[in-house]
Amino acid sequence: MTAWRTEGGTAIDRTRPLRFTFDGRSVAGFAGDTVASALLAGGVSIVGRSFKYHRPRGLWGAGVEEPNALLDIAGGMPNTRATQVLAADGLAVRSVNAEPSAEKDRHAFLDAFSRFIPAAFYYKTFMFPDWHLFEPRIRQMAGLGTLDGAVRAPAFAEQVNHHCDVLVVGAGPAGLAAARDALRAGRRVVLCDDGRQAGGSLLFRAATIEGKPGAAWAADVVSELEQAGALVLAGTTAFGIYDHHLAGLNQKGEGGAPDRLWRVRAKSIVLATGAIERPLPFGNNDLPGIMSAEAALVYLRRFGVAAGRRVVVATNNGLAYETAQALSAAGADVTVVDYRADAPSPEGLRVLTGRTIVKASGRGAVSAVRLSDGSVLEADAVLASGGFTPTVHLYCQAQGKLDWRDDILAFVPGRPVEGVEVVGAAAGDFSLPAGLAEGAGQDLGIVAAWPKSRAKERVWIDLQNDVTAKDVELAVRENFVSVEHLKRYTTLGMATDQGKTSNVNGLALVAELTGRRIPEVGTTTYRPPFTPVPLASFAGARSGTRMSPLRRLPLEREHRADGATFREYGGWLRPAFYGSGAPEDRIQAEATATRAGVALFDGSPLGKIEVVGPDAGSFLDFIYYNTMSTLAPGRCRYGFILSEAGNIYDDGVLVRLDENRFVVSCSSSHVAGVHALLEEWRQDRFDRRRVFIHNATAEMATLTVTGPQSRALLEAIGLGLDLDDAALPHMAVAMGRFEGQAARIARVSFTGERSYELSVPADHAASLWSRLRREGQAFGATLLGLEALMVLRAEKGYIVIGKDTDGTSRPMDFGLTAPLERKKVEFIGRRSLVTEDAARPDRRQFVGLEAIDGAGVLPTGAHGIEHLAGTPRSLGYVTSSYFSPALQRPIALGLIERGLDRMGDIIELQHLREVRRARIVAACAFDAEGGRLHA
Amino acid sequence: MTRHYSALSLLKEGLRSQQGWQQAWRSPEPKPRYDILIIGGGGHGLATAYYLAKAHNIRNIAVIEKGWLGGGNTGRNTTVVRSNYFFPESTALYDLALRLYETLGRDLNYNIMLSQRGIVTLAHSEAEMEMAARTVNAMQINGTDAELFGVDEVRRVLPLLNVSPEARYPVFGGVWQGRAGTARHDAVAWGYARAADRLGVDIIQSCEVEEFLIEGGRCRGVKTSRGEIRAERTAMVVAGHSSHLAAKAGFRLPITSYALQACVSEPIKPVLDTVVLSPGTGTYASQSDKGELVIGGALDRVPSYGQRGNLPMLEGVVSGLLEMFPSFRQLRLMRQWAGIVDVTPDSSPILGESPLPGLFLNCGWGTGGFKAIPAGGTLLAHLLATGKHHDISRPFDPDRFARGRLIDEAAGSGIAH
Amino acid sequence: MQLFPCPFCGPRSETEFHFGGDAGNRRPEGFRAVTDGEWAAYLHDRNNPRGAANEIWMHMTCGEVFRMERDTVHHGVAQAFALLEGGGDDGLAH
Amino acid sequence: MLDNSGKWQPEPDWASARLAGRTIALRAVTGLPQRLVSGDLDRFLAGHGLGKDVGALGLATGARYAVRLARDRLLAVGIPVDDGWHEAGYAVTGVGSALRVFEARGDGIRDLLARATTIDVDNPGPCAALSFCGVTAVVYFHEDTQTLRIHADRGLAVYLWEWFECQPLLSAR
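Chains as they are written, first to last, in the UniProt record's numbering: chain A, 1 to 935; chain B, 1 to 417; chain C, 1 to 94; chain D, 1 to 173.
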């Protein structure tokens with residue numbers, strides 16, 4: 001190809017030259033050039049290598065449809081289309097899939113073996129001795145671009161939601177006219193176009209609209225839209241239409257800025273997405289120098305680049321004549337090969353009618369074409385138009401169905417889709433908008449030029465995936481005649497261009513081979529995105545700590561000052577332990593100090609969901625496994641909440657503040673779930689005027705004072721209430737005051753020690769905490785992190801939902817059967833507790849496990865096993881396991897089959913193929929009588 | 001004609017312009033009566049037919065498919081095969097499938113491109129490491145391969161994974177199953193179809209069930225868009241349409257249908273050698289032989305039969321991938337799609353006779369149907385041929401719902417399957 | 001992203017909603033008399049229609065539990081209905 | 001043992017925390033008395049001399065007002081009333097500590113809403129509880145339509161702040 005710069009070029013600024021490198025070679029261009037236009041102008045004819053056969057490839061298109069010119073941009077994105085990236089000074093780009101360069105690709109020899117690697121050859125071989133011996137090499141050969149593992153850009157993409165009345169996709173003449181109409185009718189309008197400048201075909205095809213040159217008219221319409229407040233988005237691709245008229249738009253970031261994702265919710269959508277030119281099927285139609293006729297017009301008018309000096313324009317329709325005339329006027333030697341016998345011959349053009357191209361030839365680039373009449377035309381560029389395929393992807397995504405039109409040989413939108421209108425070339429209308437343009441629109445006047453079976457030459461259908469007509473014939477021969485089978489078997493249309501240029505030619509060939517009409521073959525499903533969209537655009541702000549937030553404690557600042565090590569627990573950031581030193585030592589010391597004196601623990605994440613109203617008691621009887629309406633005001637009760645399937649969903653203490661007000665203390669990780677469960681049953685089953693749910697978890701910080709000295713410490717603080725055990729026994733609650741605020745004090749223990757949970761408004765938590773710290777010094781108060789708390793509660797055999805239970809645990813597995821036997825009223829999950837499964841004797845039951853082999857702490861996750869006929873079988877597993885500082889020996893909890901009936905039995909435990917021995921014991925290992933709760 | 005596939009036959013056909021290849025399967029007209037009728041020409045249905053013919057020597061079989069072979073979930077999944085399950089019942093089922101997959105290419109004379117590149121299910125905290133140990137021990141006891149990986153071993157198999165402690169989901173290790181991997185999904189359907197066709201099975205595409213023929217309280221076949229087809233035993237193997245067909249047969253199923261989305265990036269040279277799943281981000285990924293990153297995540301939250309992608313779930317899944325692999329921020333999304341999966345209350349499949357005698361069920365695989373195809377086919381063939389459950393399929397009978405004896409992997413292992 | 005109409009709040013994004021099962025899946029009461037089969041049908045069996053569906057949903061941001069008629073194939077939403085005050089007694093709730 | 005205290009940034013000093021972009025500025029508001037009220041809202045509003053409550057992007061004025069959160073629930077701001085059940089038919093729970101309040105001012109409010117919510121600002125609806133940056137928040141205007149108030153769970157306030165910080169709209173650049 002000997003392309004050259006002409007005069008003109010509306011997109012480039014010749015006063016601003018620039019240089020970049022392609023495969024290490026320096027290329028000159030101007031500001032406004034795409035990499036593609038600069039490569040073309042710079043005489044680079046081989047811009048890439050084909051996927052499978054490594055054939056040399058040149059530019060085919062000028063926009064999103066480009067199948068060949070894929071580039072890796074240094075520090076940027078692999079597989080970028082040269083037609084869609086602006087040339088810039090210092091840019092370094094490489095062709096993909098070619099080593100060391102597209103010009104000299106070391107795998108070019110593969111083309112000579114093409115006959116042995118037809119479509120889907122891999123299904124037929126590589127089975128012996130085994131596929132895995134061949135696979136690594138195949139993987140190396142496949143793929144296109146190369147990822148730079150060190151690059152982590154783009155870092156961020158904005159995501160914007162927008163509502164409008166009318167979204168117009170495509171700012172060509174039809175789209176502009178539609179947007180202006182909607183605007184003038186008072187609608188909220190969004191107009192987007194994937195080009196950097198609005199105008200579409202008006203930017204390169206000659207037209208006069210409302211007395212103005214097309215491009216000037218387009219600019220005027222855009223300024224009218226913008227001035228009236230319409231949102232006009234250039235460089236923005238509508239990549240998907242989703243449910244309920246939601247359009248996904250990706251706006252290209254200019255000047256190194258990241259892209260931006262728009263989610264546009266439109267009452268109606270106008271698709272003015274134009275049409276894409278098809279290749280003509282002839283032998284070697286993939287040679288560099290063979291280009292879309294429309295793309296050649298774009299390069300000439302927009303970028304001042306003529307595709308060749310000796311040009312053949314080959315066409316089966318009338319639209320390619322503008323290319324021929326423009327290139328001729330620019331000084332190229334042009335011959336038109338018109339497939340139509342009765343084509344009109346415009347003055348000054350050499351037109352050969354009623355002839356087709358049979359074959360192109362040339363080494364590395366096209367040099368000549370042989371015609372159906374046997375004649376040979378020399379050419380350094382062949383500009384082909386095989387007709388136009390309306391861009392109906394978005395219409396189909398919006399659940400539209402296509403109709404075939406014989407007059408334009410194309411699929412067009414069929415039955416209307418509510419709220420979606422298709423206009424212009426996308427609807428098969430190739431004339432300019434009615435009433436606006438002067439003179440007749442261009443006449444497509446197309447004749448068929450489909451690929452034929454049994455051609456001698458190799459004719460490419462899908463350039464990017466290297467699918468030829470022979471591949472399609474093979475697929476049909478093997479009965480892969482469904483259009484989806486054809487696509488998957490040959491990979492036709494599955495490349496990064498998603499078949500924009502190949503789809504219809506492939507269908508036409510199948511139609512011929514199977515004796516059907518093209519619409520009978522059907523089309524494949526169009527799926528988003530219309531063109532590839534940066535993954536970063538979908539991620540938006542979701543990364544790092546913004547990926548999914550943790551809840552933060554009101555006292556986080558205080559814990560940081562106390563040297564807490566923070567960990568994530570059930571959606572909260574919480575202190576694991578305090579101070580420096582070996583974590584295990586710190587944890588043991590905190591646990592020991594708690595039992596010896598007093599500890600302060602931040603239990604603020606504990607759920608506090610208020611249930612208020614005259615029906616609260618009967619409501620909670622239904623919610624809980626346990627009876628709750630009999631709870632006296634000022635008292636607390638432990639209970640389970642089950643799922644309807646009878647499995648334990650959550651546990652916790654219910655507090656009754658007064659006749660009409662309860663507080664559900666659910667697990668900190670279950671607050672949202674329990675809240676929703678309460679709301680749902682309230683509205684679905686109860687009188688929603690007589691019971692209400694308020695989630696006050698964040699309102700109250702809960703500070704736990706636990707240990708034998710806890711009462712003494714609280715007395716030193718003075719909370720304005722009687723702390724005598726008669727007035728405030730275990731499992732009672734009372735109201736006190738702190739700094740003039742109501743403080744709720746509950747005698748509830750998760751350590752087995754005398755404990756007080758102090759709940760105060762979170763804004764007052766810091767001063768209560770510092771008061772406890774200050775007064776606590778006299779008692780040697782320790783700070784207790786969550787890890788040590790877990791040890792303390794395990795010594796007592798208290799369960800942690802989700803750790804000591806799994807999704808199949810039922811209350812009877814924990815020995816709690818009384819409510820089922822005694823409770824008179826319905827509750828969630830009740831009927832599921834009398835099924836065969838719930839009654840089966842071999843359930844996994846909650847027990848303690850005592851290591852008897854002297855080998856230290858049992859591994860959590862180890863399974864109890866028994867052997868049946870030499871085969872191991874799991875009996876359940878260790879759920880919690882620690883070294884007990886109080887007992888000075890390992891302790892463990894587990895769910896073991898029939899465990900409650902096997903007290904004292906010794907079982908084997910297996911962990912990572914090693915076997916341990918343990919005795920089944922009661923879950924509570926420390927202070928079984930519970931005396932310390934009252935000590 | 002060339003029937004057998006091999007390097008030699010490729011060479012031979014290359015020399016004669018590929019003219020001698022035989023049809024992969026015939027396109028027969030339906031007969032009025034078969035011994036066994038299978039509704040659904042996806043992987044499970046075709047495998048059932050193949051094993052009926054091969055293992056039970058029953059040849060008078062038809063598979064009817066309303067669209068094109070493998071056009072349902074067989075052609076819409078993320079191609080992962082694995083058996084890293086918790087309960088012995090599940091391990092027995094999925095490991096049977098994996099064992100059959102290991103020899104399937106040679107068995108079918110069709111390269112299904114089984115690539116046992118391993119799967120690592122990441123653990124992001126010490127608590128998740130304890131759960132991972134629980135799972136690994138269960139798998140080892142239940143007789144399948146599993147290792148507990150530490151962070152160094154994870155880094156070795158996933159060099160581009162962000163294992164920094166500063167990652168939103170830091171990596172502590174994971175559950176490794178080395179025999180897991182991927183297989184080419186279309187090839188599995190096509191391989192079974194070709195092999196079943198060779199054994200005489202009639203595979204009839206574009207044949208939609210209109211109603212069931214119910215006589216004397218039994219299913220006697222179906223009325224289709226291509227006429228009545230009678231059979232004494234009929235199997236319904238129609239993932240994504242199970243409830244809809246069940247309604248035609250007069251019963252309801254414990255199934256809700258959801259869209260499961262997946263997507264692929266543009267192809268790139270190899271960067272990801274194993275399958276990786278992160279419970280923290282809710283994303284899993286592998287790289288296909290063609291170079292595309294195949295990315296999946298959780299189910300959509302809205303029950304649906306629309307086989308379409310949607311933005312919210314896609315955005316979550318993609319951001320999860322980028323959190324795991326920051327360098328993937330350079331890539332683009334090339335294609336997005338969705339399959340419709342049948343979700344049961346315990347996410348385990350249903351295999352057994354339906355409430356309508358004579359009609360048998362293979363459904364409810366949720367997101368796990370593809371990996372189970374050889375087992376689903378083997379077990380349903382056993383049930384259809386003998387009238388009795390195979391030991392491995394017995395726990396998956398639909399009677400488990402009334403007995404309360406669910407096989408809930410998510411509940412048992414804490415890891416979503 | 002679908003738009004669902006909360007009967008109180010109006011149209012909101014699907015991400016604000018939680019699916020609550022079939023409308024009219026009435027909970028069998030009187031646990032002693034309920035058979036295994038009846039209970040399993042309530043717990044597990046679903047209409048799961050392909051096409052017109054009649055479902056219970058919760059709008060998570062306001063907590064409203066309501067009934068919605070929609071299409072599971074093309075995702076058109078026909079209408080949403082508030083449940084009756086005093087419990088789901090319009091015969092359509094659980 | 002892994003320590004996450006570096007990864008999760010401590011919360012800013014809310015009294016002085018500010019973010020400012022070209023068209024919008026953001027700060028925290030402290031000390032607003034807030035209560036959840038559920039039940040007979042008409043009686044509550046009448047009993048406290050309040051007019052109608054405001055919905056999503058509604059305009060509240062003064063120091064005493066009510067914002068609607070659900071069919072039968074509202075957020076009462078600046079109205080002293082005891083917690084618990086009231087025989088007039090409503091339940092009250094204080095949430096003055098539970099909800100952190102942000103205030104955004106400027107021409108860029110619509111741009112902020114477009115990034116943080118999917119609400120149609122021209123048709124926002126009667127309920128001010130909506131998903132804001134992925135978390136449930138109460139969102140309405142206060143005093144004028146250039147001043148947006150956002151109430152959200154205090155535990156998530158740092159997340160919201162980090163989300164605001166990463167938006168070009170709220171960066172000084």
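Glycine included, C-beta positions come from ideal geometry on N, C-alpha and C.
> CB-CB under 7 Å to B:G221, same chain, minus the five flanking residues each way: which ones, in chain order?
Replying inline: In the second sequence, the residue the question calls residue 221 of chain B occupies position 221. L37, L213, E228, I229, R230, A231, T234.
> Given a limit of 8 Å on CB to CB distance, which residues of the segment 60-89 of chain D reach chain C?
Replying inline: L69, A70, R71, R73
>> So B:P170 contacts chain D; which residues on that side make the cut at Cβ distance below 9 Å?
In response: Position 170 of the second sequence, counted from the first residue, corresponds to residue 170 of chain B. Under the 9 Å cutoff, chain D gives L2, N4, K7.
>> I'd like to know if D:E103 contacts chain A, where contact means its C-beta is closer than 8 Å to some C-beta of that chain.
In response: Taking the fourth sequence and counting its residues from 1, one reaches residue 103 of chain D at position 103. By this cut-off, D:E103 is not an interface position.
> Could you give the C-beta distance for residue 96 of chain C and B:N362, rounded to a whole number, given that I count them as a contact under 8 Å?
Replying inline: Here chain C covers residues 1 to 94 and nothing more, so residue 96 of chain C does not appear.
> Using the beta-carbon of each residue, which ones in chain C are nearer than 8 Å to A:T808?
Replying inline: Translated into the one-based positions of the first sequence, residue 808 of chain A becomes position 808. Correct list: empty, because the minimum Cβ distance to chain C is about 15 Å.
> So which residues on chain C does A:Y242 lean against when the C-beta distance must stay under 9 Å?
Replying inline: Along the first sequence, one-based indexing puts residue 242 of chain A at 242. The contacting residues are M1, Q2.
>> In this structure, how does DSSP classify A:V423 when only helix, strand and coil are distinguished?
In response: For the purposes of this step, residue 423 of chain A is taken as residue 423 along the first sequence, with counting starting at 1. Looking at A:V423 - three-state DSSP - the assignment turns out to be coil, as it is neither helix nor strand.
>> What does the alpha-carbon distance come out to for the pair A:A3 and A:S101?
In response: Against the first sequence, residue 3 of chain A aligns to sequence position 3. Against the first sequence, residue 101 of chain A aligns to sequence position 101. So the alpha carbons of these two residues sit roughly 21 Å apart.
>> With a threshold of 8 Å, are at least 3 pairs of Cβ atoms found where one atom belongs to the segment 61-75 of chain D and the other to the segment 39-58 of chain C?
In response: no
>> Quick check: the Cα distance between B:I350 and B:P357, rounded to an integer number of angstroms?
In response: As a position in the second sequence, residue 350 of chain B is number 350, starting the count at 1. As a position in the second sequence, residue 357 of chain B is number 357, starting the count at 1. When rounded, the distance between both Cα atoms is 16 Å.
>> Within the continuous alpha helix (DSSP H) that includes B:A249, where are the two ends?
In response: The count along the second sequence starts at 1 and reaches residue 249 of chain B at position 249. Start and end: 242-249.
> Rounded to the nearest angstrom, how far is the Cβ of A:G752 from that of A:F883, given a contact under 8 Å?
Replying inline: Here the question's residue 752 of chain A lines up with position 752 in the first sequence. Here the question's residue 883 of chain A lines up with position 883 in the first sequence. The Cβ separation is near 17 Å, so there is no contact.
> Does any C-beta atom of chain A lie closer than 8 Å to the C-beta of D:T118?
Replying inline: Residue mapping note: residue 118 of chain D aligns to position 118 of the fourth sequence, counting from 1. With 8 Å as the cut-off, D:T118 counts as an interface residue toward chain A.
> So which residues on chain E does C:F19 lean against when the C-beta distance must stay under 7 Å?
Replying inline: Given the protein chain composition of this structure (A, B, C and D), no chain E is represented.
>> If the cut-off is 9 Å on Cβ atoms, which residues from the segment 145-166 of chain D count as contacting chain A, listed in chain order?
In response: D153, R154, G155, L156, A157, V158, Y159, L160, E162, W163, C166
> Between the C-alpha atoms of C:G88 and A:Q683, what's the straight-line distance to the nearest angstrom?
Replying inline: In the third sequence, counting from the first residue as 1, residue 88 of chain C sits at position 88. In the first sequence, counting from the first residue as 1, residue 683 of chain A sits at position 683. Reliability fails at C:G88, whose pLDDT of 48 lies under 50, so the model's placement of it is uncertain and no value is given.
> Name the chain D residues whose beta carbon is nearer than 7 Å to that of A:L550?
Replying inline: Numbered from 1 along the first sequence, position 550 holds the residue referred to as residue 550 of chain A. W8, listed in chain order.
>> Taking DSSP's pairing of strands, which residues face B:V294 in a bridge?
In response: For the purposes of this step, residue 294 of chain B is taken as residue 294 along the second sequence, with counting starting at 1. Looking at the DSSP assignment, B:V294 forms a beta bridge with B:V264, B:S286.
> Is the CB-CB distance between B:V154 and B:V120 below 8 Å?
Replying inline: Locating residue 154 of chain B in the second sequence gives position 154, counting from the first residue. Locating residue 120 of chain B in the second sequence gives position 120, counting from the first residue. Yes, they are a contact pair.
> Roughly how many angstroms separate the alpha carbons of C:A93 and A:W217, rounded to a whole number?
Replying inline: Locating residue 93 of chain C in the third sequence gives position 93, counting from the first residue. Locating residue 217 of chain A in the first sequence gives position 217, counting from the first residue. In this predicted model, C:A93 has a pLDDT of only 42, less than 50, meaning its place in the structure is not dependable; the value taken from the coordinates is given anyway. Looking at the two C-alpha atoms, the distance is approximately 59 Å.
> Hey, A:L287 and A:A215: beta-carbon distance below 8 Å or not?
Replying inline: Counting from 1 along the first sequence, the entry for residue 287 of chain A is found at position 287. Counting from 1 along the first sequence, the entry for residue 215 of chain A is found at position 215. Not a contact, by the Cβ cut-off of 8 Å.
> Checking contacts by CB at 8 Å: is B:M113 closer than that to chain A?
Replying inline: Within the second sequence, residue 113 of chain B is the residue found at index 113, counting from 1. Yes, its Cβ sits closer than 8 Å to a Cβ of chain A.
>> Assuming the contact rule is C-beta atoms closer than 8 Å, D:A76 and D:W85 should be a hit. Round their C-beta distance to whole Å, please.
In response: Along the fourth sequence, one-based indexing puts residue 76 of chain D at 76. Along the fourth sequence, one-based indexing puts residue 85 of chain D at 85. Cβ-Cβ separation between D:A76 and D:W85: approximately 16 Å, too far for a contact (criterion under 8 Å).
> Between A:G797 and A:E787, what straight-line distance do the alpha-carbon atoms span, to the nearest angstrom?
Replying inline: Numbered from 1 along the first sequence, position 797 holds the residue referred to as residue 797 of chain A. Numbered from 1 along the first sequence, position 787 holds the residue referred to as residue 787 of chain A. Answer to the nearest angstrom: the Cα atoms are 15 Å apart.
>> What does the Cβ neighbour count give for A:Q498, buried or exposed, with the cut at 16 atoms within 10 Å?
In response: Position 498 of the first sequence, counting from 1, holds the residue named residue 498 of chain A. Under this definition A:Q498 is a buried residue.
> Closest to A:G506 by CA distance: which of A:S537, A:T468, A:Q397 is it?
Replying inline: Counting from one through the first sequence, the residue named residue 506 of chain A turns up at place 506. Answer by Cα proximity: A:T468.
> Is it buried or exposed for A:N317, if we count other Cβ within 10 angstroms and need 16 for buried?
Replying inline: For the purposes of this step, residue 317 of chain A is taken as the residue at position 317 of the first sequence. Classification for A:N317: buried.
>> At 3 residues or longer, what runs of the beta strand (DSSP E) sit wholly inside the segment 132-161 of chain B?
In response: 147-150
> Mind listing which residues of the segment 321-340 of chain B have their C-beta closer than 8 Å to chain A's C-betas, in chain order?
Replying inline: Listed in sequence order: L321, L322, E323, P326, S327, F328, R329, Q330, L331, R332, L333, M334, R335, Q336, W337.
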